[in-house]
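Everything on this sheet refers to the single structure shown next.
2 protein chains.
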Amino acid sequence: METRELRYFVAVAEELHFGRAADRLGIAQPPLSRTIAQLEQRLGVALLTRTSRKVSLTEAGAVLLTEGRAILGAVAAAERRTRTVDRPSLVLAAKAGGSSELLAKLLDAYAAEPGAVAVDLLLCEAHARQPLLDGRADVAILHEPYDSTAGLDVEALHTESQFAILSTSHPLAGAAQLRMADVVDLPELARWPEPDGTYLPGPGVEVHNGTQLFQMISLGRAVAVMPEVVRTGLLEGLVAVPVVDAPKVTTVIAWPPHSRSRAVADLVRVAMGFS
Amino acid sequence: METRELRYFVAVAEELHFGRAADRLGIAQPPLSRTIAQLEQRLGVALLTRTSRKVSLTEAGAVLLTEGRAILGAVAAAERRTRTVDRPSLVLAAKAGGSSELLAKLLDAYAAEPGAVAVDLLLCEAHARQPLLDGRADVAILHEPYDSTAGLDVEALHTESQFAILSTSHPLAGAAQLRMADVVDLPELARWPEPDGTYLPGPGVEVHNGTQLFQMISLGRAVAVMPEVVRTGLLEGLVAVPVVDAPKVTTVIAWPPHSRSRAVADLVRVAMGFS
DNA sequence: CGCTATCGATACCGGCCGGGTATCGCTGCC
DNA sequence: GGCAGCGATACCCGGCCGGTATCGATAGCG
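For the record, the sequence lines run as chains A and B.
The opening residue of the first sequence carries number 2 in our numbering; numbering runs sequentially from there.
The opening residue of the second sequence carries number 2 in our numbering; numbering runs sequentially from there.
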């Protein structure tokens, strides 16, 4: 199986449309059809069921889509890491607006290390996991269970409980504490995008970033359950009510397995000194 | 970067010899040289330094070797998993001669689950990690820190301390307890192979499997530090002495990230009920 | 019920690239 | 200095990748 075949298959599996996938890949549709057919023949499994009106994934196709995305990410990461090995630098990915205090402490402490290299910050709008998987970052700050750490090496740094963030005028704003049951069915519960940028269908408000979220909450249009850190510097007009049975959020430092970088190892060691 | 290029590069990087690598790949040497040169040019980095007498890895080459092996493993795994998705079965890898008691309990408990599928056992001579990485197995029982769990999802099942296994006639056999310092410098300390099947240079006896090891120990030719379980059913003529400061060994159940298999999830859930 | 638009499959062709053989140039060794 | 080993280079051939043109199936529509 060549990465070319995987790229083609992933494109078709994501678009579920040979024409659009071919466009996206910058090739014509016939060679794409042919390549997918060859791939299926060599694997001995149907990956897609096609009618002349609709394309859908088989079970085998769904498996290959997940695995294929991971492989293509790993290939991109390998290229980037190989290319940049002799210009030592460290890219740290973190969610924008996340725990900036921890981040500052970490960067300061690492900079004081002997042999520390320059650290570039990659602040992500959404999940900080993607740049780690495709090699744009060498190390990331993630938040379990929000971010999946599958396929990464991690060390836990810090665990905290969660709070419901509400407008002061919200009916639940006066409560001393809440339970998940009180909030999960609220129609104004904020919904974050999936890693691929799409939103799962269902009720709730689609939000793209923290600023927007807090505005929506202020306006009484949204409600969110978030880790404790956001309480510091909460906007006027918002309250944080503890949700006693919400899952704990663990801040972790994560890096790709097989990392050979001394800088990453140093940074992780420094970070672990905090916990 | 195509997997063909990666296969070629990994072969050369492992052989450090274009001719032998070409043999291994079943192609002639010139196209191999050319492909590697193209790869280097596209990456913009030298991967190998060659004289007409000797080939060696650059730093970038070392990075690509590690990453490339992982990628090729992932590709093999993806192929196998895609191919076998409609014939539901579960392959569990474990080190032969390992904790067979735990294994038996696990298999029994899982078989009693509703919706349990047949479990095939893959007993490995060496590390049970490789078959997981290349897709021959769906789940594995590993032992940290002996087995690396980089790039895998794991759950810890059991932790135990380690014992020195000695012939009763060994000078240290009478000790009530030992420290690592007492054993690490023994010239007869057993050495296990690395994941690639080779042995690191150095003093000590090269052993291939448990049976051979215990024979060597009986004969007073070897000494080993091993987890507690091996004490049960120890051969006549051998003693186990606790090594108080040896690292604890943790038995874990491991599976590939992105596993979509319900059977794997069930098995892991059952296993976690034990700990 | 037939016309049409859409979409994937098929047919066919040309150019590039991957693989082969022959040979060169360098280097360590007797 | 001759020789053997090894990687690089030169050159050729065939297959595969990508292109255009077209077909066949199907859903929508009047």
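Glycine included, every Cβ here is placed at the ideal spot set by N, Cα and C.
Quick caveat: nothing in here was measured; it's all calculated off a predicted structure.
With DSSP run on the structure shown, which of helix, strand or coil describes residue i?
| i | result |
| --- | --- |
| A:A78 | helix |
| A:Q30 | helix |
| A:S101 | helix |
| B:T160 | strand |
| B:L347 | No statement about residue 347 of chain B is possible, as the shown extent of chain B runs from 2 to 276 and does not include it. |
| A:R51 | strand |
| A:T83 | helix |
| B:T36 | helix |
| B:I129 | Rather than Ile, the amino acid found at residue 129 of chain B in this sequence is Ala. Reduced to three states, the DSSP call for B:A129 is coil. |
| A:E237 | coil |
| A:K96 | strand |
| A:L143 | strand |
| A:V118 | coil |
| B:L44 | helix |
| B:L283 | The question about residue 283 of chain B has no answer here: the residues shown for chain B are numbered 2 through 276. |
| A:P1 | In the structure as shown, chain A starts at 2 and stops at 276, and residue 1 of chain A therefore has no counterpart that could be examined. |
| A:D24 | helix |
| A:V56 | strand |
| A:L267 | Here residue 267 of chain A is Asp; the residue named in the question, Leu, does not match the sequence. If DSSP states are grouped into helix, strand and coil, A:D267 belongs with the helices. |
| B:A113 | coil |
| A:L153 | coil |
| A:V1 | Because residue 1 of chain A is not part of the residues shown, which for chain A are 2 to 276, the question remains open. |
| B:A255 | strand |
| B:V184 | helix |
| B:L17 | coil |
For a contact meaning CB atoms closer than 7 angstroms, what does residue i contact in chain B?
| i | result |
| --- | --- |
| A:P188 | Near A:P188 there are no residues of chain B at all, since even the closest Cβ is about 31 angstroms away, more than 7 angstroms. |
Could you work out which residues of chain B lie near residue i, taking near to mean beta carbons separated by less than 8 angstroms?
| i | result |
| --- | --- |
| A:M2 | T4, V76, A79 and E80 |
Hey, residue i and residue j: beta-carbon distance below 8 angstroms or not?
| i | j | result |
| --- | --- | --- |
| B:A157 | B:V253 | yes |
| B:A191 | B:V240 | no |
| A:G69 | A:L17 | no |
| A:K249 | A:T150 | no |
| A:L66 | A:A97 | no |
| A:P228 | A:P204 | no |
| A:Q163 | A:V224 | no |
| A:T50 | A:Y9 | no |
| A:L143 | A:V120 | no |
| B:T83 | A:E3 | no |
| B:V11 | B:F19 | no |
| B:A127 | B:P194 | yes |
| A:L73 | A:V271 | no |
| B:S219 | B:L236 | yes |
| A:V231 | A:I166 | yes |
| A:G238 | A:H171 | no |
| B:A141 | B:D267 | no |
| B:L91 | B:D139 | yes |
| A:M217 | A:V208 | yes |
| A:E41 | A:L48 | yes |
Contacting positions in the stretch 148 to 162 of chain B - beta carbon closer than 9 angstroms to chain A
S149, T150, A151, G152, L153 and D154
Please give the ranges of any beta strand (DSSP E) in the stretch 188 to 232 of chain B, keeping only runs that are unbroken, at least 3 residues long and fully inside the region.
225 to 228
What residues in the stretch 57 to 73 of chain A have a beta carbon less than 9 angstroms from any beta carbon of chain B?
T59, E60, A61, G62, A63, V64, L65, T67, E68, G69, R70, A71 and I72
Contact set between the stretch 26 to 57 of chain A and chain B, restricted to residues whose Cβ is under 8 angstroms from the partner
When C-beta distances to chain B are compared with 8 angstroms, the residues of the stretch 26 to 57 of chain A below that value are L44, G45, V46 and L48, in chain order.
Could you please tell me which residues of the stretch 122 to 148 of chain A, in chain order, have their CB closer than 7 angstroms to any CB of chain B?
none
Residues of the stretch 249 to 264 of chain A whose Cβ lies closer than 7 angstroms to any Cβ of chain B, in chain order:
P258, H259 and R261
Closer than 7 angstroms, Cβ to any Cβ of chain A: which residues of the stretch 81 to 111 of chain B, in chain order?
R82, T83, R84, V86 and D87
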